[in-house]
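Below is one structure, written out as structure tokens; the observations come after it.
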Amino acid sequence: MEKTANNDISTNQFIIVRIGNEQYGINIKIVDNIVRMQQITRVPKAQKYFVGVINLRGEIVPVMSLRRRFGIEDDEFTNATRIIIIKPEQQATVGFIVDSVKEVVTLEEDQIERNSISTDAEGQSYISAVGKYKDELISILNIQTVINDKEQA
Amino acid sequence: MDVSQYLEIFVEETKEHLQSLSENLLVLEKEPENKDTINEIFRAAHSLKGMAGTMGYKRMQSLTHNMENVFSEIRNDKMKVTSELVDTLFQCLDALEAYLDNIINTQDEGTEDNEPIIKLLNDFLNGNQAAPAQAEAPAAPAQQQTGASVSTKLSDVKFADFEKHAMIEAGKNGMNVYGVNVHIDPNCILKAARAFLVFKNLEELGEIIKSIPSTQDIEDEKFDLDFSMFIISKEPLDKVVAAVKNVSEIKDAEGEQIVIKEEAAKEEAKADTAGHSNAPARDNSKPAQAKTSSKPVVNRSVRVDIEKLDVLMNLVSELIIAKNGLVASNAAEQIQHSQNFNEQIEYLERVTTNLHESVMNVRMVPIETVVNRFPRMIRDLSKKLNKKMELYMTGEDTELDRTVIDEIGDPLMHLLRNSADHGLESPEERIRLGKPEVGSIFLDAYQDGNNVVIEVRDDGAGINIEKVRNKALEKGTITPEQAESMTDKEIIELLFKPSFSTSEKITDVSGRGVGLDVVKSKIEGLGGDVECHSVVGEGSTFTIRLPLTLAIIQALMVKIGSEQYAISLGSIQTVEDIPVEEIKHVQGKEVINLRGNVIPLIRLGELLEVPDTAEDAENLTVVIIKKVDKQAGLVVDSLIGQMEIVIKSLGKYININKMISGATILGDGDVALIIDANAIV
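For the protein sequence lines, the chains are B and E, in the order given. This note's numbering puts the first residue of the first sequence at 1, with every later residue one more than the last. This note's numbering puts the first residue of the second sequence at 154, with every later residue one more than the last.
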């Protein structure tokens, strides 16, 4: 419910999550839910970055580790670990495991830098822009490249 | 008039009528004299015309009108059914289907007038009228003839004992028995009402003892334009006939006095009592026939949007998950609940299972709806390919989930075309080989456990293994070494590979190389599989196996390491305890010898890369699974039990191996993956 309300007000709200030492922003428009870490069922022979599937209120949702996706060392689940449930389109849901969720921020157009993204380095293409919020830099995730690149497991 | 709200009904019913026309035309071609069929056809064409007219589809109406004219001629024996005529009529059906397609897509019938077809129909009509035109001069005698034939019919009518008795009594009392043939004007709209008036008028004159067809049928308007009645009356025949003719829209009526000789009646009665012989038997068989020919229309039904059923099915799935949760928590908490509580849970289980079955049943559609267009297709193919062939179908009433039905048509059609084109030999070849000239194609459907099996079989040449092998070599699909070592069965499997067609000439029937692989992928998409067996010179069989349901199945839960997996009960044959020392090795693979069958062992733990599986115990728990004639033994750590599970998809983004067919939610909320045994064997 809140999500729809936010949608109407602004499309520039981002959920700030932490992975390792970096902060990433996910557009709140496509975030369906944030849940605590729970029992994950491993799926054999899936892409390596998929940890498995969870039961989210009766629906099966595949869950990927953003750490594995970005090639950082594996997660160590803590009390702060969360799964961000993303719904990029109707009938398609996927979860991201992140180290912790920090806050929701609103970024104005002038706070978002879109041109400084170089795509040469591995992993850079997962980021669509960089946001500046109070002295800190936030990498805004390009959800499509994160979820769609079906690399062979 | 706004008719859009009736559009859906119109489309559905038109489809039904077209289908019925197509089926009956095929029958008519074989049995040109079959009156029931002609009547059925006439009725369907007539309804079509009426419906099209009501909906304002003028072109459709005009075409059906012309068809109806032809049928009417046939019905009145003024026209012979020829193969050419049936061809033309089929063209009409195609044209009508084209109209219908247009209507479905645009709500408009389009602008095609189909004049050539109408002209063809009229040519048939005219050509035909030319023939009886010679006989037109003695038209009156002809009519008299028909009258005569009818009146002989009147005296031929068999009466039941009590009717005879009444007639004989009437004769004794100086009353007359008359038979009256009534012909209703063809333009009459309310035939039943007219018939009722006839009844009423006659009842004023005497007692009606019998009518043909029965009073009930007449009331229901289950007659064409004429009917006969028998009346006992004091009045002279003229008056009776006049009373009938008095009713408006009655074209004609002729009557005849019927004399039943008491002795003859007695004799007959004697014969009847003597052995309960032919007469009553015949009497019994007649109505039975009439019943089968006039299909009961009193099938009470409701048309429901398939989406609503999907919602219902989802709710049932949720209910089953909740039920599983309740059962699991009851088992886990180990509290001694009252007896009543356990009973209620068992009751709930029964109800949910029944509910699931009922909802499934609602979604089930007989396969007939798909296969009933195939006889027509085979007829067309037979003409096109110049091969004589006959399609035999069984098990059309086998039911499948609606979603499967929608998808299965094309693959089946492809297999049939394949059989017709590649399978069956040319007639000359067949005669040379000593086979019947007419090739046979069989389509058999039946239920087998949790699966529905559809077989497409022909008695043609079979698959030439060498030809396939050479072709595969030529195309580089396999290496020469592979070709050496492949079994016949593996060679046949090659046919299902993309772009593989062995037909030497490419026809527009089949042979574009986009055949069997599409069939295979489509059927696998439905959770089924397809296999082929072939004997050279005797024919080939394609066997399609489809799951009965796509949503909820009974499964055996097994444990491997710390993970739980579900295996569909439908593919499990037995579960065995196998001592480790009984494992043999063949070509480096583990096998067991189970009651004379050598079965390969598959260690699920390794296959699924499960971490920390249990150490080999002395005995292995082996689940024997079966797919058609292949078996395999799946080694698991332990069994958990049988459970009704709801199949859920794993979502769009995760790549899953073929051997995982989905996931399910267990009673405690955990997720277990479902193993597709068919993909492993």
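Don't be surprised by glycine CBs; every beta carbon is placed ideally from N, CA and C.
(message) Considering just the uninterrupted stretch of the alpha helix (DSSP H) at E:ASN571, what are its terminal residues?
(response) 555 to 571
(request) Please list, in chain order, all residues of the same chain as E:ARG516 whose beta carbon is under 6 Å from its beta carbon, the five residues on each side excluded. (result) LEU462, ASP554 and ARG555
(request) Could you name each continuous alpha helix (DSSP H) segment of 4 residues or more that falls completely within the stretch 54 to 133 of chain B, going from the start of the chain to the end? (result) 66 to 69
(message) For a quick check, are the C-beta atoms of B:LYS87 and B:ILE140 less than 8 Å apart?
(response) The answer is no: Cβ separation not under 8 Å.
(message) Just to confirm the assignment, what range does the alpha helix (DSSP H) spanning E:PRO580 have?
(response) 580 to 585
(request) List the residues that DSSP assigns as beta-bridge partners of E:ALA840. (result) Residue 840 of chain E cannot be examined here, being either before or after the span of chain E that is shown, 154 to 834.
(request) Would you list, in chain order, the members of the stretch 789 to 808 of chain E that have their beta-carbon closer than 8 Å to a beta-carbon of chain B? (result) LYS801, SER802, LEU803, GLY804, LYS805, TYR806, ILE807 and ASN808
(request) Ignoring anything shorter than 4 residues or poking outside the stretch 743 to 773 of chain E, list the alpha helix (DSSP H) runs there in chain order. (result) 757 to 760
(request) Spell out whether any CB of chain B is found under 8 Å from the CB atom of E:ASN810. (result) yes
(message) Within 8 Å of any Cβ in chain E, is that where the Cβ of B:ARG69 sits?
(response) no
(message) For B:LEU137 and B:PHE70, I'd like the C-alpha separation in whole angstroms.
(response) Whole-angstrom Cα-Cα distance: 18 Å.
(request) With DSSP collapsed to three states, give me the class of B:ARG42. (result) coil
(request) Measure the C-alpha to C-alpha separation of E:GLU521 and E:VAL455 and round it to an integer number of angstroms. (result) 19 Å
(request) Taking only the alpha-carbon atoms, compute the straight-line gap between E:THR426 and E:GLU388 and give it to the nearest angstrom. (result) Residue confidence for E:THR426 is low, a pLDDT of 45 falling below 50, so the modelled location carries little weight and cannot support an answer.
(message) Looking only at its chain, what residues have a beta carbon closer than 6 Å to the beta carbon of E:ASP338, apart from the 5 residues adjacent to it on each side?
(response) GLU402 and LYS404
(request) Apply the 10 Å Cβ neighbour rule to E:ALA770 and answer buried if 16 or more other Cβ atoms are within range, or exposed otherwise. (result) exposed
(request) Reducing DSSP to helix, strand and coil, say where B:ASP135 ends up. (result) coil
(message) Taking a contact to mean a Cβ-Cβ separation below 8 Å, would you say E:LEU754 touches E:VAL788 in this structure?
(response) Closer than 8 Å, so yes.
(request) Can you have a look at E:THR190 and say buried or exposed, based on whether 16 or more other CB atoms are within 10 angstroms of its CB? (result) buried
(request) Say whether the stretch 791 to 798 of chain E touches the stretch 44 to 55 of chain B, bearing in mind that this needs 3 or more beta-carbon pairs closer than 8 Å, one atom from each stretch. (result) Verdict: no, contact absent.
(message) So, for E:ILE833: in the same chain, excluding its five sequence neighbours on each side, which residues have a beta-carbon less than 8 Å away from its beta-carbon?
(response) ILE755, LEU760, ILE778, ALA785, LEU787 and MET812
(message) Give me the subset of the stretch 459 to 487 of chain E whose CB atoms are less than 8 Å from a CB atom of chain B, sorted by chain position.
(response) Only GLU471 and ILE474 from the stretch 459 to 487 of chain E bring a Cβ to less than 8 Å from some Cβ of chain B.
(request) With DSSP as the reference, label E:PHE649 as helix, strand or coil. (result) Note: E:PHE649 maps to coil in three-state DSSP.
(message) Are the CB atoms of E:GLU360 and E:ILE321 within a distance shorter than 8 Å?
(response) no
(message) Cβ closer than 8 Å: which chain E residues qualify as neighbours of B:ASN33?
(response) Neighbours of B:ASN33 on chain E: none; closest Cβ ~15 Å, over 8 Å.
(request) Quick one: give me the first and last residue of the alpha helix (DSSP H) that E:VAL513 is part of. (result) First, the residue type needs correcting, since residue 513 of chain E is Met and not Val in the sequence shown. 492 to 516 is the span of the alpha helix (DSSP H), which, as asked, contains E:MET513.
(request) Establish whether the CB of E:LEU171 and some CB of chain B are separated by less than 8 Å. (result) Cβ-Cβ to chain B under 8 Å: no for E:LEU171.
(request) Report yes or no: is there a C-beta of chain B within less than 8 Å of the C-beta of E:LEU826? (result) yes
(message) Rounded to whole angstroms, what is the Cα-Cα separation between E:VAL124 and E:ILE227?
(response) Shown here, chain E extends from 154 to 834; a query on residue 124 of chain E therefore has no answer.
(request) Please classify E:PHE527: does DSSP put it in a helix, a strand, or coil? (result) helix
(message) Could you tell me the alpha carbon to alpha carbon distance between E:GLY548 and B:MET64, rounded to whole angstroms?
(response) 47 Å
(request) Assuming E:ALA598 and E:VAL591 form a contact by the criterion Cβ under 8 Å, report the distance between their Cβ atoms to the nearest whole angstrom. (result) So it is not a contact: roughly 23 Å between Cβ atoms.
(request) Please confirm if E:ILE720 has its CB atom under 8 Å from at least one CB of chain B. (result) no
(request) Tell me, to the nearest whole angstrom, how far the beta carbon of E:LEU216 is from that of E:LEU249; I am working on the premise that it is less than 8 Å. (result) 6 Å
(message) I'd like to check one pair, E:GLU374 with E:LYS344: are the Cβ atoms closer than 8 Å?
(response) Yes. Within cutoff.
(message) If I follow the unbroken alpha helix (DSSP H) through E:ASP247, where does it start and stop?
(response) 236 to 259
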